[in-house]
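Converting from the sequence shown to this note's numbering requires adding 808 to each position, the first position being numbered 1. Structure first, commentary second.
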Amino acid sequence: MAAPSAWERNMRVLEDLRVGKRVLAAWRDGSEHEAVVLDQRPKDPALRRRGLPFVDPSKLPLARREYYLHYEGHDKRLDEWAAYECLVAVARADEDDTTSCSAGTGDTLVSAATAAAGRPLRARKRRASSLAADSTLQAMESEHAEATKIKNIQTVQFGRWEVDCWYYSPYPDEYCVDHLFLCEHTLRYFRRLSTLRKHEAACELRSPPGTEIYRDMERSLCVFEVDGREHKEYCQNLCLLAKLFLDHKTLYFDVDPFYFYVLCETDEEGAHIVGYFSKEKHSPEGFNLSCILTLPPYQRKGYGKFLISLSYELSKREGKTGSPERPLSDLGRLSYRSYWGFVILSALASEEDGGLTIRELSDSTRIRVEDIVSTLQDLGLVKLWKGQHVVSISEGAIDRYVKGSGAAALLCKPSLLAWPQASGSKTPAKAALPSQAARRSASKPRTGSANSSDSAAAAADSAAASSRHRDA
């Protein structure tokens, strides 16, 4: 019989649960995972209603509380409220971890101070100024992380979908409820389904506002260009919705300097938002994309690469080379790596004499040289030869990658893009759509959630699967 692990030796039965405690929690698949308690609240929703006197959860019996858990080693999109029954055990002591962290910080500070002591005065002043700036930035980041560590909305319902939220989003306090309802065309938000239904009965929109610049009848797709200055409320609502699924997003309310390109699936009922990307109207750094999101119900369908290809098609028509603003989310990095690899190797495959340079690749694809080089390095195609870095790849390898990626069917078709719009031009004609009341579903939305038990990438897959399609 195997000896108990250090974790098992330090566990004891659940007697007291406080914020900061490390626990062992059971998932629905029966597996057990280490977690940290970040918060607690009354289990009974009636005790959490807005307007009622505050109920201190620490005064309640353990079984009448819920605990907000962060699973160690997993992205915080999996953080969740868990009932007492889901907790298996609690660690005996957390002080050892705190002590070791504190000691490490102290050593670092002493080393920095000691190293600075032997430098010239001017260098020490610059160093002190840099340390002060870094300290201020670190304090701001810590404050932001503390304020946003708890999801303020658990699920959001829009159109046919009910989706588990991944992250905190700065919706107004009165709308920070477990279940939020959105109009899929205006993205206005409501606390009650009945209020949403009243809004839908009066709402005449069947698509996002703005100008339709792309329509693919074969694939039932369309794209709208929405000016943040002209449609401020819609774009702000879009940013709030996006923040529920993006961890490192900072743009919420200052939308005037941006265009938003909203991708929709179309049917006889209207245009249903799938995802979007935003782009600065004037980017000094030459970014052709600021933020990108495919909503969870539509992930793993290639829409991320479609949006990326659209951003580069716009760059081609502007005669500019572009790159996305950093940092990218983990899913964003995967989409870009896939798109860049497909486009670059497709260009190499179509070159008969093999004389294409990196600069020529950049000019034809509008992908920055730095992004081309990093992509080739990621693919293992850059090798050192006679003291120089060269691209080394066979035609067979190119063909295998291009054919195996399957990305061609997912890219923007330039012939269908009506951009830029000529002055006074009209948007493509739209088919007549039925009223919203006529298509409203009488079924009640289903609830529930799904957990993942692997890496952040697997977490995304599971989160996408956790979007429930309501019965029509």
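Glycine included, C-beta positions come from ideal geometry on N, C-alpha and C. As the structure is a computational prediction, the values presented were derived from the model and not from experiment.
- Ala834 sits away from Leu877, with the two beta carbons spaced by 7 Å or more.
- When secondary structure is reduced to three states using DSSP, Tyr975 falls in the coil class, being assigned neither helix nor strand.
- DSSP, read as helix, strand or coil, puts His987 in strand.
- Glu1121 sits away from Cys1030, with the two beta carbons spaced by 7 Å or more.
- Where Trp1193 is concerned, the enclosing beta strand (DSSP E) starts and stops at Val1190 to Trp1193.
- DSSP, reduced to helix, strand and coil, places Ser1086 within a strand of the structure shown.
- Contact check for His1080 against Gly967 passes: the beta carbons are separated by less than 7 Å.
- For the pair Arg858 and Ser950, the Cα-to-Cα distance works out to about 28 Å.
- DSSP places Trp1227 outside both helix and strand once states are collapsed to three, so it counts as coil.
- For the pair Val863 and Leu855, the CB atoms are nearer than the 7 Å cut-off.
- In the structure shown, Phe1150 adopts helical secondary structure according to DSSP, grouped into three states.
- Less than 7 Å divides the Cβ of Leu995 from the Cβ of Leu1049.
- Here Leu1029 carries a strand assignment [DSSP, helix/strand/coil].
- Below 8 Å, too few C-beta pairs join the segment 991-1006 and the segment 1021-1028 to call them touching: fewer than three.
- With contacts defined as CB atoms closer than 7 Å, Lys1051 and Ser977 qualify as a contacting pair.
- DSSP links Cys1072 through a beta bridge to Cys1030 and Ile1081.
- Counting the other Cβ atoms within 10 Å of the Cβ of Glu1203 gives fewer than 16, which makes it exposed.
- C-alpha of Ser1015 to C-alpha of His993: approximately 5 Å in a straight line.
- In the assembly as shown, Val971 is a buried residue. Its beta-carbon has 16 or more other beta-carbons within 10 Å.
- DSSP lists Arg830 and His878 as the bridge partner or partners of Val844.
- Excluding its 5 nearest sequence neighbours in each direction, Phe1068 has C-beta neighbours in its own chain below 7 Å: Val1034, Gly1036, Cys1043, Leu1046, Tyr1084 and Ser1086, listed in chain order.
- In the DSSP assignment, the residues bridged to Gln965 are Glu970 and Phe989.
- Here Leu895 has Leu822, Leu825, Val831, Leu832, Ala833, Ala834 and Tyr875 as same chain residues with Cβ atoms under 8 Å from its own Cβ, once five neighbours each way along the sequence are excluded.
- Residues of the same chain with a CB within less than 8 Å of the CB of Glu1178, apart from the 5 flanking positions on each side, are Ser1131 in chain order.
- In the three-state reduction of the DSSP assignment, Glu888 falls in the strand class.
- Membership of Leu1101 in the beta strand (DSSP E) is indicated by the continuous run Cys1099 to Thr1102.
- Straight-line measurement puts the Cα of Arg1141 at about 19 Å from the Cα of Ser1123.
- Nearest Cα to Ala1226 within the set Phe1032, Val845, Glu1076 and Lys884: Phe1032.
- By the C-beta density criterion, Ala955 is exposed, having fewer than 16 other C-beta atoms within 10 angstroms.
- Beta-bridge analysis with DSSP links Gln1196 to Trp1193.
- Rounded to whole angstroms, Arg1108 and Asp1138 show a C-alpha spacing of 14 Å.
- Judged by their CB atoms, Asn1096 and Ser1117 are not nearer to each other than the 7 Å cut-off.
- Beta-bridge pairing by DSSP links Tyr1067 to Asp1035 and Lys1087.
- Judged by DSSP secondary structure, Tyr1111 falls within the alpha helix (DSSP H) whose first and last residues are Tyr1111 to Glu1126.
- In the DSSP assignment, Ile1021 falls within the unbroken beta strand (DSSP E) covering Thr1019 to Asp1024.
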